[in-house]
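My numbering puts the first residue of the sequence shown at 324, with every later residue one more than the last. Note that beta-carbon positions come from the ideal geometry of N, C-alpha and C, so glycine has one too. Down below is the structure, laid out as structure tokens.
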Amino acid sequence: MTERMTGNVAIITGAARGIGRKVAEAMCAEGAKVLAVDLLAVDAPVSGFCSDNRWRSFQADVSDPDAVQAMVHECTAVFGPPEVLVNMAAISTPSSVSRLSLEQWEQTLRVNLTSVFLCTKAVLPMMIERSRGVIISFSSVLADVGGKGNAHYAAAKAGVEAFSKSLAREVGPHGIRVNVISPGMVDTPMLDLMDAQQKETLSARIPLKRIGRPVDLVEPVLFLASEGSAYITGQVIRVDGGMNMA
């Protein structure tokens with residue numbers, strides 16, 4: 324490990340499992356103090372690279388304004404002001420538009436888009452005051468190509484990209500960088516509804532001929548969070564095995 328994140332305080336949402344879990348553990352292993360947040364309980368890391376004094380689990384619904392404020396208060400009280408925010412909390416409930424209820428639509432936008440706004444708004448004053456900060460939000464390849472049965476999910480993720488690009492222009496003068504990572508299909512619990520044949524068919528359509536793994540997203544996040552990307556902001560980084568152009 325390079326410990327490129329030493330001294331940084333990071334809030335990572337959606338950290339209980341899948342990509343979020345891998346990112347949170349890697350961030351901690353690289354030296355950051357991590358508040359790992361999820362609606363589900365977040366277990367402590369088992370890796371010896373991440374010490375207990377640099378990890379705190381926090382259970383919260385990041386689509387709830389009060390819960391988000393409590394999250395930021397916890398981070399500040401335990402570790403200090405957050406310098407890195409990684410927005411990864413998301414849900415996926417596939418449905419055709421004709422069968423999609425208003426409740427499903429609103430819940431998807433609330434968790435996948437409104438949470439990004441709430442978490443960002445909560446940390447911005449501290450980042451602006453310190454003239455430094457990094458905000459990384461997760462989109463999806465579906466924001467570009469669409470997806471049958473996923474119009475609501477794709478709409479929310481497209482919103483994340485538009486929000487982040489606008490925010491990058493707004494807060495750039497304060498030394499705050501804002502970027503988006505857009506994954507393709509990744510083997511996480513969200514893909515559990517697919518059977519083996521469906522996954523094989525999907526893999527065949529991807530230029531790199533495989534579905535992504537959570538670990539494939541770790542290095543791009545670490546890069547965008549570190550000083551190695553000090554002159555990068557307002558960008559959507561596609562980590563999809565070429566699916567966007569397939």
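- Between Val-391 and Lys-345, the alpha-carbon positions lie close to 22 Å from each other.
- Note that the stretch 325 to 341 touches the stretch 350 to 364; at least 3 beta-carbon pairs, one per stretch, sit closer than 8 Å.
- Beyond the five residues adjoining it in sequence on each side, Ala-553 comes within less than 8 Å, by CB distance, of Arg-500 in the same chain, given in chain order.
- Rounded to whole angstroms, Ala-548 and Ser-438 show a C-alpha spacing of 20 Å.
- One thing to note: Val-360 has its Cβ no nearer than 7 Å to the Cβ of Leu-408.
- Unbroken beta strand (DSSP E) runs of no fewer than 3 residues, entirely contained in the stretch 480 to 511, are found at 499 to 506, following chain order.
- A direct Cα-to-Cα measurement between Leu-362 and Glu-550 gives close to 30 Å.
- With 16 or more neighbouring CB atoms inside 10 Å of its own CB, Asp-539 falls in the buried class.
- When only Cα atoms are considered, Pro-512 and Tyr-476 end up about 16 Å apart.
- In the displayed model, Thr-524 falls within a helix according to three-state DSSP.
- Per DSSP, Lys-356 lies in no alpha helix (DSSP H); the unbroken beta strand (DSSP E) holding it starts and ends at 356 to 361.
- Ala-400 has its alpha-carbon roughly 32 Å from the corresponding atom of Ala-479.
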